[in-house]
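The block underneath contains the structure these notes are about, expressed in structure tokens.
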Amino acid sequence: MTNELKGEIGRRRKAAWAAMDTIRETTSQIKDRNLRAHLFDSTVLPALCYATETWTDNKNISISMRTIHRALERCLLGTNRWKQWKSGLTSEDLRKESEIKDPIQHMASAKHRWAGHVLRRTDDRWITRTTLWTPLNVKRPLGRPFTRWSDTFSRSFRQKETNWMRAARDRRVWSECGPH
């Protein structure tokens, strides 16, 4: 398993641009920032981040998703990289102007929500069994192991000295310790 997601990221990019095309005319006429941001966050962001809750966390994935999101954001604001550079605006300036959500935070909250759903299941579905499964008698390959889906939670809960699987089974505890 190589955790290769280039093809899927390309499909997410195409889906996000298709969603952007459906709202482009409307957003160009709307002057209210909050309404434009809400329209973008409710159509384009879900198309871009669809099924990302099942992906492993990876720096390359984050960079790719932020790059795609920035291009969509510039399109929403009616600018391009040349105009942005000429005006001396940074990506943070554009984010403040557009008031749209960050895709990485959206992905993290979706992943957190999905993990809670999976671990609270009691009907013994394959997704729960796969998540809880620990391989036996498997020799570890040389080098650094691939990032696993659950490593995100293990890393963040190690600091809190709590088992993330136990916390996920209690909805109240899980909602308190998630990304906000």
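If you read the sequence shown in this note's numbering, its first letter stands for residue 738, the second for the next number, and so on. For glycine and all other residues, C-beta sits at the position ideal for the given N, C-alpha and C. Being a predicted model, the structure only gives us computed values, none of them experimental.
Residue i versus residue j - alpha carbon distance
| i | j | result |
| --- | --- | --- |
| Ile864 | Trp870 | 10 Å |
| Leu879 | Tyr787 | 33 Å |
| Arg850 | Leu856 | 10 Å |
| Thr789 | Asp769 | 30 Å |
| Thr793 | Thr889 | 8 Å |
| Gly853 | Pro783 | 19 Å |
| Thr884 | Ile767 | 42 Å |
| Ser891 | Asn771 | 36 Å |
| Pro872 | Asn797 | 27 Å |
| Asp839 | Ala905 | 24 Å |
| Val875 | Pro882 | 13 Å |
| Thr791 | Lys848 | 7 Å |
| Lys833 | Arg877 | 46 Å |
| Arg909 | Phe894 | 16 Å |
| Thr827 | Ile805 | 16 Å |
| Gln842 | Gly915 | 11 Å |
| Lys751 | Arg903 | 38 Å |
| Thr867 | Ala756 | 33 Å |
| Met738 | Trp886 | Bear in mind that the predicted position of Met738 carries a pLDDT of just 37, short of 50, making it unreliable; the figure below should be weighed with that in mind. If I take the Cα positions, the gap works out to 13 Å. |
| Met844 | Ser799 | 10 Å |
| Lys820 | Trp754 | 20 Å |
| Lys823 | Arg807 | 17 Å |
Rounded Cβ spacing between residue i and residue j (contact assumed at less than 8 Å)
| i | j | result |
| --- | --- | --- |
| Arg811 | Leu831 | 7 Å |
| Thr764 | Leu776 | 6 Å |
Boundaries of the alpha helix (DSSP H) in which residue i is found, first to last residue
| i | result |
| --- | --- |
| Leu873 | Run containing Leu873: none; DSSP gives neither H nor E here. |
| Trp851 | Pro840 to Arg857 |
| Phe883 | Taken as a continuous stretch (DSSP letters only), Phe883 belongs to no alpha helix (DSSP H), as it is neither H nor E. |
| Leu742 | Taken as a continuous stretch (DSSP letters only), Leu742 belongs to no alpha helix (DSSP H), as it is neither H nor E. |
| Ala788 | Where Ala788 is concerned, there is no enclosing alpha helix (DSSP H), given that its DSSP letter is neither H nor E. |
| Glu834 | Ser828 to Ser835 |
| Arg803 | Lys796 to Leu814 |
| Arg908 | Arg908 to Glu913 |
| Arg903 | Trp901 to Ala905 |
| Lys820 | Arg818 to Ser824 |
Closest by C-alpha distance to residue i, when choosing among the options
| i | options | result |
| --- | --- | --- |
| Ser801 | Leu785, Ala774, Thr780 and Ile767 | Leu785 |
| Lys743 | Ser828, Asn795, Leu776 and His843 | Asn795 |
| Ile859 | Glu836, Lys820 and Asp907 | Sequence inspection shows Thr at residue 859; the Ile mentioned does not correspond to that position. When each option's Cα is compared against that of Thr859, the closest is Asp907. |
| Arg773 | Glu741, Ile746, Gly815 and Ala752 | Gly815 |
| Ser835 | Leu809, Pro916 and Ala756 | Leu809 |
| Glu829 | Arg803, Ala845, Ser846 and Met844 | Arg803 |
| Arg761 | Thr899, Thr780, Glu741 and Ser912 | Thr780 |
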